[in-house]
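With mature numbering (1 follows the signal peptide of the UniProt record, and there is no 0) applied, the sequence shown corresponds to residues -19 to -1, 1 to 344, in that order. For every residue, glycine included, the Cβ atom is placed at its ideal position computed from N, Cα and C. The structure under discussion appears below in the form of structure tokens.
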Amino acid sequence: MVKLAIMMFIVTEIDVYDAVGVVNMNGNGRRCNCGGGTMSEKKKFVRIMASLKRSVEEAESLLFGIRSIVIDIEGTTTPISFVKDKLFPYVRDNIEKWLNSNFDKAEVQKSIAALRAQASREKSNQAENVVLIPTCDCDADKEDVIKAVCENIKCQMDSNRKTTELKNLQGLVWKDAYESKVVKGELFKDVGPMLKMLAEEGFQLYVFSSGSIAAQKLLFAHSSYGDLTDVFLGYFDTTTGSKTDSTSYKKIAAEIGQEPKEILFLTDIPQEAEAAVTAGMRSALLIRPGNAKLTDEHLQNFACIEKFDELYGDEDDEDDIKRFAKENHERTDDEDEDEDDDDDDDDDDDAEIEAEGDDGDDD
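Written out as structure tokens, the structure reads:
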């Protein structure tokens, strides 16, 4: 009965310790740093919550009631710098050579045809910066087609577009890079072990990324932590829809066969998190090195974690306290004690100097 009461306290839509304005927790598991309150009050809140976590292990705010976890890649599992500074430049530097070597393959011709159709549609709609791709009727036209495809790809990349047609061709180029071991999929250190742990504990894992499904599988198959493809039950890309459209997340929930409220979406982009929440899912934002800085509003509206380990809510109490202090420009008791110790040392030094001065006068 006690455990049930505590669990109801955690998951029912309530304001936890709202009297001091520290944190608001509600039924969808969000934690909001609301500011206000003294340091001692914040410490009290943290210790209350830590006690509740220890009392009811199932009441972790992010994983409680969750059956499936849908995971973004760039900025979430993988440094943005890997995509920006390695994968994208590889395509730019090698696309022409790669097309010359693989031009006649069926999958390449299919990808080029898709790019050609896309460019034609956009031109008909009077879109700007569209590079048309001619058809290839003979060997003499091959060079013209390759040149146009290269220009088309680079133009879309310059505009930071995430079209399915672009991602499909990029994925083909990266396939050779991964398989030849020129490129290895980079993951944050916490990701590999945590993905395996989550899968072993029965959570169903999926990927939703703007990169093609083929590119997603390549990254995890050739990751810095080894082949992780077995931990995922499915993959979703832009063929499902835009990552900022709530309809996409409803489609994912339907395909997974679960209620949206049973699904947690992890991303570094607030607009994507908002779309997932609008669809009824829960969502958490990843704060990773190199990611765009989150606004105060985003920090308040979403649970924010720095690594996957924090999904369990097992972070040390003192670390929570220090984070609260840093966010509110306040000192912790430990810092005050350290400063007091330093002051005591200074007083002792002054006393010793004064004593030495007195001895000198006696001489």
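Which residues DSSP lists as bridging residue i, in chain order
i: Gly207; result: Ser204
i: Leu214; result: Leu214 pairs with nothing; no bridge assigned.
i: Gln185; result: Ser49
i: Ile286; result: Leu267
i: Ile237; result: DSSP lists no partner for Ile237.
i: Leu280; result: Bridge partners of Leu280: none, in fact.
i: Phe63; result: In DSSP, Phe63 forms no bridge with anything.
Selection from the options that minimises the alpha carbon distance to residue i
i: Leu147; options: Ser82, Asn81, Ser92 and Ile286; result: Ser92
i: Gly271; options: Ile50, Ser62 and Thr225; result: Ser62
i: Glu132; options: Ile76, Asp118 and Ala158; result: Ile76
i: Asp85; options: Cys117, Glu109 and Asn106; result: Cys117
i: Ile268; options: Lys104, Asp53 and Lys156; result: Asp53
i: Pro174; options: Arg48, Arg263, Lys288 and Asp122; result: Lys288
i: Lys223; options: Arg142, Gly46, Ser101 and Leu80; result: Checking the displayed sequence, the identity of residue 223 turns out to be Ser instead of Lys. The shortest Cα separation from Ser223 among Arg142, Gly46, Ser101 and Leu80 belongs to Arg142.
i: Thr57; options: Tyr187, Phe283 and Ile250; result: Ile250
i: Glu124; options: Leu80, Leu113 and Val72; result: Leu80
i: Asp74; options: Trp155, Glu182 and Arg102; result: Trp155
i: Gly46; options: Lys242, Ile134, Leu113 and Glu278; result: Lys242
i: Glu160; options: Ser193, Thr225 and Ser204; result: Ser204
i: Leu280; options: Gln252, Tyr293 and Val72; result: Gln252
i: Gln185; options: Leu245, Ala265 and Ala129; result: Leu245
i: Phe283; options: Val163, Leu266 and Tyr293; result: Leu266
i: Thr248; options: Glu278, Leu292 and Glu55; result: Glu55
i: Asp208; options: Tyr216, Leu179 and Gly166; result: Gly166
i: Ala273; options: Pro60, Ser49, Leu43 and Val51; result: Pro60
i: Ala254; options: Phe189, Glu181, Arg48 and Glu291; result: Phe189
Local conformation of residue i per DSSP, three classes
i: Asn81; result: helix
i: Glu55; result: strand
i: Gly192; result: coil
i: Cys117; result: coil
i: Ser264; result: strand
i: Leu168; result: coil
i: Thr259; result: helix
i: Thr248; result: strand
i: Ser92; result: helix
i: Asp226; result: coil
i: Asn75; result: helix
i: Ser105; result: helix
i: Ala100; result: helix
i: Lys128; result: helix
i: Gly294; result: coil
i: Ala180; result: helix
Residues near residue i by beta carbon distance below 6 Å, same chain, minus five either side
i: Ser227; result: Ala256, Thr259 and Ala260
i: Gln99; result: Glu146
i: Thr221; result: Ser229 and Lys232
i: Ser193; result: Lys148, Asn149, Gly152 and Asp218
i: Gly215; result: Tyr187
Residues of its chain near residue i, where Cβ-Cβ distance is below 8 Å and the 5 sequence neighbours each way are ignored
i: Thr210; result: Lys198, Phe201 and Ala202
i: Lys240; result: Residue 240 is actually Glu in this sequence, not Lys. Same-chain partners within the cutoff: Ala234 and Gly261.
i: Ser101; result: Leu113
Neighbour flag for residue i against chain B, beta carbons, 7 Å
i: Leu80; result: This model lacks chain B altogether, as it is built from one protein chain only.
Cut-off 7 Å between Cβ atoms - residues of its own chain near residue i, not counting five sequence neighbours on either side
i: Asn83; result: Val89
i: Thr219; result: Lys143, Thr145, Lys148 and Ser191
i: Lys177; result: Val212
When the Cβ atoms of the stretch 170 to 186 are set against those of the stretch 121 to 139, are three or more pairs found closer than 8 Å? Touching, no.
On the three-pair Cβ rule with 8 Å, is the stretch 82 to 97 touching the stretch 55 to 71? Of all C-beta pairs linking the stretch 82 to 97 to the stretch 55 to 71, fewer than three are shorter than 8 Å, placing the two stretches out of contact.
Would you say the stretch 103 to 111 touches the stretch 149 to 156, given that touching needs at least three Cβ pairs under 8 Å? No, because fewer than three Cβ pairs between the stretch 103 to 111 and the stretch 149 to 156 fall closer than 8 Å, the two stretches do not touch.
Touch test, the stretch 231 to 247 against the stretch 195 to 204, Cβ-Cβ under 8 Å, three pairs minimum: No, the stretch 231 to 247 does not touch the stretch 195 to 204.
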